[in-house]
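Enquirer:
Protein chains: 6
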Amino acid sequence: MEETRYRRGLETARKLDEENAARLDEALKGIAPDLYRYIVEFAFGDILSRPGLPVATREIVTLSALSAMGTAQPQLRVHLNAALNVGVPRAQIVEVFMQIAVYAGIPAALNALYLAKEVFAERDAKGLS
Amino acid sequence: MEETRYRRGLETARKLDEENAARLDEALKGIAPDLYRYIVEFAFGDILSRPGLPVATREIVTLSALSAMGTAQPQLRVHLNAALNVGVPRAQIVEVFMQIAVYAGIPAALNALYLAKEVFAERDAKGLS
Amino acid sequence: MEETRYRRGLETARKLDEENAARLDEALKGIAPDLYRYIVEFAFGDILSRPGLPVATREIVTLSALSAMGTAQPQLRVHLNAALNVGVPRAQIVEVFMQIAVYAGIPAALNALYLAKEVFAERDAKGLS
Amino acid sequence: MEETRYRRGLETARKLDEENAARLDEALKGIAPDLYRYIVEFAFGDILSRPGLPVATREIVTLSALSAMGTAQPQLRVHLNAALNVGVPRAQIVEVFMQIAVYAGIPAALNALYLAKEVFAERDAKGLS
Amino acid sequence: MEETRYRRGLETARKLDEENAARLDEALKGIAPDLYRYIVEFAFGDILSRPGLPVATREIVTLSALSAMGTAQPQLRVHLNAALNVGVPRAQIVEVFMQIAVYAGIPAALNALYLAKEVFAERDAKGLS
Amino acid sequence: MEETRYRRGLETARKLDEENAARLDEALKGIAPDLYRYIVEFAFGDILSRPGLPVATREIVTLSALSAMGTAQPQLRVHLNAALNVGVPRAQIVEVFMQIAVYAGIPAALNALYLAKEVFAERDAKGLS
Chain A
635 MEETRYRRGL ETARKLDEEN AARLDEALKG IAPDLYRYIV EFAFGDILSR
685 PGLPVATREI VTLSALSAMG TAQPQLRVHL NAALNVGVPR AQIVEVFMQI
735 AVYAGIPAAL NALYLAKEVF AERDAKGLS
Chain B
635 MEETRYRRGL ETARKLDEEN AARLDEALKG IAPDLYRYIV EFAFGDILSR
685 PGLPVATREI VTLSALSAMG TAQPQLRVHL NAALNVGVPR AQIVEVFMQI
735 AVYAGIPAAL NALYLAKEVF AERDAKGLS
Chain C
635 MEETRYRRGL ETARKLDEEN AARLDEALKG IAPDLYRYIV EFAFGDILSR
685 PGLPVATREI VTLSALSAMG TAQPQLRVHL NAALNVGVPR AQIVEVFMQI
735 AVYAGIPAAL NALYLAKEVF AERDAKGLS
Chain D
635 MEETRYRRGL ETARKLDEEN AARLDEALKG IAPDLYRYIV EFAFGDILSR
685 PGLPVATREI VTLSALSAMG TAQPQLRVHL NAALNVGVPR AQIVEVFMQI
735 AVYAGIPAAL NALYLAKEVF AERDAKGLS
Chain E
635 MEETRYRRGL ETARKLDEEN AARLDEALKG IAPDLYRYIV EFAFGDILSR
685 PGLPVATREI VTLSALSAMG TAQPQLRVHL NAALNVGVPR AQIVEVFMQI
735 AVYAGIPAAL NALYLAKEVF AERDAKGLS
Chain F
635 MEETRYRRGL ETARKLDEEN AARLDEALKG IAPDLYRYIV EFAFGDILSR
685 PGLPVATREI VTLSALSAMG TAQPQLRVHL NAALNVGVPR AQIVEVFMQI
735 AVYAGIPAAL NALYLAKEVF AERDAKGLS
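Chains as they are written, first to last, in my numbering: chain A, 635 to 763; chain B, 635 to 763; chain C, 635 to 763; chain D, 635 to 763; chain E, 635 to 763; chain F, 635 to 763.
1. Under 8 Å between C-beta atoms, does TYR672 (chain E) make it to chain B?
2. Along the region 712-741 of chain E, what residues have a CB closer than 7 Å to any CB found in chain C?
3. Using the Cα positions of GLY704 (chain E) and ASN745 (chain A), report the straight-line distance between them to the nearest angstrom.
4. Taking contact to mean 3 or more Cβ pairs, one atom from each stretch, closer than 8 Å, check whether the region 674-681 of chain D and the region 636-649 of chain D are in contact.
5. Among E:ARG641, E:ALA655, E:ALA743, E:GLY761, whose alpha-carbon lies nearest the alpha-carbon of ALA716 (chain E)?
6. At a cut of 8 Å, does the region 750-760 of chain F reach the region 718-732 of chain F through at least three beta carbon pairs?
7. Can you tell me where the alpha helix (DSSP H) with LEU710 (chain D) in it begins and where it stops?
8. Over what stretch of residues does the alpha helix (DSSP H) that includes LYS760 (chain F) continue unbroken?
9. Should LEU762 (chain C) go down as buried or exposed, given a rule of 16 or more other Cβ atoms within 10 Å for buried?
10. Between the region 651-668 of chain E and the region 691-703 of chain E, are three or more C-beta pairs nearer than 8 Å?
11. Flag GLY704 (chain D) as yes if its beta-carbon sits less than 8 Å from any beta-carbon of chain B, otherwise no.
12. Compare the C-beta of GLY679 (chain F) with all C-beta atoms of chain C and state if any pair is closer than 8 Å.
13. What are the boundary residues of the alpha helix (DSSP H) that includes GLY739 (chain C)?
14. Output the boundary residues of the alpha helix (DSSP H) element that contains VAL695 (chain E).
15. Roughly how many whole angstroms lie between the Cα atoms of ILE734 (chain B) and PRO741 (chain B)?
16. Select from F:VAL730, F:GLU693, F:PRO723 the residue whose C-alpha is nearest the C-alpha of VAL712 (chain F).
17. Taking the continuous alpha helix (DSSP H) assigned at ALA666 (chain F), which residues delimit it?
18. Mark ALA738 (chain B) as exposed unless 16 or more other C-beta atoms lie within 10 angstroms of its C-beta, in which case mark it buried.
19. Check whether chain F comes within 8 Å of PHE744 (chain E), counting only Cβ atoms and requiring the distance to be less than that.
20. With the cut-off set at 8 Å, would you say ILE727 (chain B) and LEU710 (chain B) are in Cβ contact?
21. Quick check: what's the CA-CA separation for ALA702 (chain C) versus TYR748 (chain E)?
22. Our contact map puts ARG684 (chain C) next to GLU729 (chain F) with C-beta atoms below 8 Å; I'd like the distance itself, whole angstroms only.
23. Evaluate THR638 (chain D) with the Cβ neighbour count: other Cβ atoms within 10 Å of its Cβ, from every protein chain shown; 16 or more gives buried, anything less gives exposed.
24. Secondary structure at ARG684 (chain F), three-state DSSP: helix, strand or coil?
25. List, in chain order, every chain F residue whose beta-carbon is nearer than 8 Å to that of LEU644 (chain A).
26. Take GLN707 (chain E) and list the residues in its own chain whose beta-carbon comes closer than 7 Å to its own, dropping the five residues that flank it on each side.
27. Please confirm whether LEU747 (chain D) has its beta-carbon closer than 8 Å to some beta-carbon of chain C.
28. Just to confirm my understanding: we take VAL722 (chain A), look at its own chain, exclude 5 residues before and 5 after, and list those with CB closer than 7 Å. What are they?
29. Answer with yes or no whether the minimum CB distance from ALA750 (chain A) to chain F is below 8 Å.
30. So, is the C-beta of SER763 (chain F) closer than 8 Å to a C-beta in chain C?
31. Quick one: list the residues of chain D neighbouring LEU669 (chain B), beta-carbon separation under 9 Å, in chain order.
32. Which class does VAL722 (chain F) belong to by DSSP, given the choice of helix, strand or coil?
33. Can you find a C-beta in chain C that's less than 8 Å from the C-beta of LEU682 (chain D)?
34. When you compare only the Cα positions, how much space is there between LYS782 (chain E) and VAL674 (chain E)?
Written out as structure tokens, the structure reads:
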């Protein structure tokens, strides 16, 4: 059953961003390999694989939370890519961050938008949506 | 045109939660009436009225941001009601808050869920969705 | 194996604070029962049961994090009891919170200490350490 | 010289809010008396007694910081009184909190204004400015 | 009247930091041009142009809020320049950030001061106050 | 007696990380030299020198608080070195940050672990524990 959670989590992680799933594994390998497993099992396997919300909506939830917190720019970058990979349109991402200005202040919105601009340009260069 | 923003904002505010719009007006009347106007014009009229995201998705953005921040319980209560008023199912709200555990920690998720439980009970008592 | 994680988590949760484990179950039952299971499995079963840190040190980590964040007073209360239940002396808890003043500011320290004072008094009334 | 810091700090603390200085002493007496001394010496004696900013401006700094953080409502209440005691006009406090909406979001501004409204009413009842 | 808000906002934005106003326009042009307009209208036109606080005090409010939050270094840099442009003396800015140590912790104060040191050096190189 | 606090603070600061104590002095010299003195006296002399907690535990408190806050990466780097200098094993630091995932979210844990990985590599290169 653990096996199931891990496999389901890995599948979800790869669907969101295959490259990032590998990068996270690599980054944690030398320092906290168990945490990599917990993240795959709990975050991706338990929570993000739940059927109660469409995966695109889940990415909007994550973008909203991370941009409002303002303390997780590397993870915001990951989920900008994930959101685009699962079909959230760029224009919707921009709407989300504009709305964050109301609840977390204009700097939070701007910092998220500056990062989005970078990610959009990187993806343009790779021919991605 | 100001007039337009104000009217559009008020319409959006009332669609989200008529009672709360009146309560906010009342609360700010004696202390910062101009802020009430700015909130109607900017938050509701400029941002929340934009067509780029369905209103239900906008409420999910707000619930995500406020629960992750953990510093705005009164506004989280308001938007729990607003989300339900515009048709976000209770089960989806619970999914949003469960997902917040991954990004902002389990206490943030729990405190949002405890509040949701209260709001759901209040609405049950009034026969609301 | 899931069974193992759940049982190990429940054991750890009960060792920290039996009453609170039951209260959490009760609180989430009607709204997000799966989250209760994830918390037992991931937070208590995966992380807090790891042998790499003494349980008393783990409670000091939690008290430090929650008091610095300042957004999780209900959970800070739970872990004040848990810390005392597993043998962290009251005087050490007070030292932790005084130190938080340096890193998160004096208000963060004061609000944690005020809560500690309440919890200490409640436990005095019950004849607990 | 310690004596000097303590005396200078106490003088500043009392000038800001005599009642609150006594209440803080009382609150910390049974739990962290040394912290009371450090707060008087460091916060009030070292920092808030420095001549580089007028005391009214210092209170505006504190109100701005605490309202933006949103995790220190008890201390925000104390400094609302202190600000008024040292002559910051109510209208200026309202301006400060309205401005916080831009940088920390509208909920942060609203929660500070709701508290200000309470404090203003309490002071009206006592015939204070 | 919209026209008035926009023009008033632009005038205020330029008085604070002409270069930054242009940079913000440029940065948002390709991604969220409407947000640029809202920021000019709401932040600069509605709030920062209000007569209730001297512009130098408004910059002190902003520096206090942003340094306490610790999540908006790019905006803190902008407002360090704005504060100096409207006549806040460097020594007062240093006092503000030292005071932040009391309320948001010593790291918040240090990170703001390190940034101030950079901005002061950049302005020295340009012969600015 | 001030002299005592300053000397005691400097001794503690040097025991934690001699190089960093010098760097902090250097960094603040040109901008806020009094803050350097207050930090030595209050943070290091008053709080971190108190006998109520072992110095290794104090570093665990600091690592927990700073990683949970997520707004003080430069200071987290300093205290990673300090913790290792006073004998906290690398494996325990990793445990602390993994536990932070539960209370402040997975991004907070990851960002602290990425920094730890850097610091561990820097120390490997210098032959330090």
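Idealized CB from N, CA, C, for every residue including glycine.
Just so you know, these numbers come straight off a predicted model, no measurement behind them.
Expert: Straight from the coordinates:
1. yes
2. VAL736, TYR737, ALA738, GLY739, ILE740, PRO741
3. 13 Å
4. yes
5. E:ALA655
6. yes
7. 707-719
8. Segment: none, LYS760 (chain F) is in no alpha helix (DSSP H) and carries neither H nor E.
9. exposed
10. no
11. yes
12. no
13. Segment: none, GLY739 (chain C) is in no alpha helix (DSSP H) and carries neither H nor E.
14. 689-703
15. 9 Å
16. F:GLU693
17. Careful: ALA666 (chain F) lies outside any alpha helix (DSSP H) and carries neither H nor E.
18. buried
19. First, the residue type needs correcting, since residue 744 (chain E) is Leu and not Phe in the sequence shown. Yes, LEU744 (chain E) lies at the interface with chain F (some Cβ there is under 8 Å from its Cβ).
20. no
21. 22 Å
22. 6 Å
23. exposed
24. coil
25. None at all; the shortest Cβ gap to chain F is about 16 Å.
26. LEU749
27. no
28. ALA690, GLU693, ILE694
29. no
30. no
31. VAL728, PHE731, MET732, ALA735, ILE740, ALA743, LEU744, LEU747
32. coil
33. no
34. Nothing about residue 782 (chain E) can be read from this structure; chain E reaches only from 635 to 763.
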